[in-house]
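J.: One structure is given below, represented as structure tokens, and several questions about it will come after.
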Amino acid sequence: MMGYSCLVKMSKCLISLSLLIILSSCTSISAGRLDNLDYSINEIRQGCRRSLPVPFEYVSQDGRVLRSVPFIREGTTLVEAKDAIARAQLEVIIRGHSRPYNIEVNVPVSQAKNEVSLSKGYTKIASDDEVAKIFLARLNAYLTNRQAPPNIIDDYRPF
Numbered sequence: 147m148m149g150y151s152c153l154v155k156m157s158k159c160l161i162s163l164s165l166l167i168i169l170s171s172c173t174s175i176s177a178g179r180l181d182n183l184d185y186s187i188n189e190i191r192q193g194c195r196r197s198l199p200v201p202f203e204y205v206s207q208d209g210r211v212l213r214s215v216p217f218i219r220e221g222t223t224l225v226e227a228k229d230a231i232a233r234a235q236l237e238v239i240i241r242g243h244s245r246p247y248n249i250e251v252n253v254p255v256s257q258a259k260n261e262v263s264l265s266k267g268y269t270k271i272a273s274d275d276e277v278a279k280i281f282l283a284r285l286n287a288y289l290t291n292r293q294a295p296p297n298i299i300d301d302y303r304p305f
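The numbering used here applies: residue 147 is where the sequence shown begins, and numbers increase by one.
Following this line, the structure appears as structure tokens:
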């Protein structure tokens, strides 16, 4: 009897492990990366804007690089950093020529070179992986729960 219960537990463990591998291969979230997104670039950009409480100050010409305004963390919320000595900035890079796209997120934390005069610039001191993970989880939830677009050909631009 002891061997049978051990065999049942082991088979349940193998089944759950195989399901976990199958589910994680569809869309995987790591510290700063979200892979295999089968959505249009416009939907991904809209999701990025809705997933971050501070606005983006820079969007590249092709729309694949987005950079937020500098922000600070006040408890669990992000607030624009007007004259903060230490601040962070979220950068989103959309990679891939066509679907599925991959997203990389970097959140460098910078500190003022001169605490008296903030105009002298900032130097990178760390990276905030926690903010990146939260942003990616919110983006993934937005894209998963969004309504399907009414047009079928969403990325097609003939001219």
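Note that the Cβ used here is the ideal one computed from N, Cα and C, for glycine as well.
Determine, for Asp229, whether the minimum Cβ-Cβ distance to residues of chain B falls below 7 Å.
T.: No chain B appears in this structure, which consists of one protein chain only.
J.: Counting only the same chain and skipping the five closest in sequence on each side, list residues whose C-beta sits under 8 Å from that of Ile175.
T.: Summary for Ile175: the model assigns pLDDT 44, below 50, so the residue's position carries little reliability, and this model does not support an answer.
J.: Quick one: grab the DSSP three-state call for Asn252.
T.: If DSSP states are grouped into helix, strand and coil, Asn252 belongs with the strands.
J.: Could you compute how far the alpha carbon of Ser256 sits from the alpha carbon of Thr269?
T.: One C-alpha to the other measures close to 5 Å.
J.: Excluding five sequence neighbours on each side, which residues of the same chain lie with their C-beta closer than 8 Å to the C-beta of Arg179?
T.: Same-chain partners within the cutoff: Asn248, Ile249, Glu250, Val251 and Leu282.
J.: Check this for me: beta carbons of Ala227 and Arg233, under 7 Å apart or not?
T.: Contact flag set, yes.
J.: Using only the alpha-carbon positions, how far apart do Cys194 and Ser206 sit?
T.: Straight-line Cα distance between these residues: approximately 14 Å.
J.: If we ignore side chains and look at the alpha-carbon of each, how far apart do Asn260 and Asn182 end up?
T.: Cα-Cα distance, rounded: 42 Å.
J.: What's the C-alpha gap between Gln192 and Asp208?
T.: Roughly 14 Å between the two C-alpha positions.
J.: Label Ser265 either buried or exposed according to how many other C-beta atoms from any shown protein chain fall within 10 Å of its C-beta, with 16 as the threshold for buried.
T.: By the neighbour-count rule (16 or more Cβ atoms within 10 Å), Ser265 is not buried but exposed.
J.: Rounded to a whole number of angstroms, what is the C-alpha to C-alpha distance between Asn291 and Ser263?
T.: Answer to the nearest angstrom: the Cα atoms are 45 Å apart.
J.: Determine the extent of the alpha helix (DSSP H) in which Asp181 is found, giving its start and end residues.
T.: No alpha helix (DSSP H) contains Asp181, which is instead part of the beta strand (DSSP E) from Arg179 to Leu183.
J.: How long is the line joining the alpha carbons of Pro216 and Glu276, rounded to whole angstroms?
T.: Cα to Cα, the separation comes out at about 16 Å.
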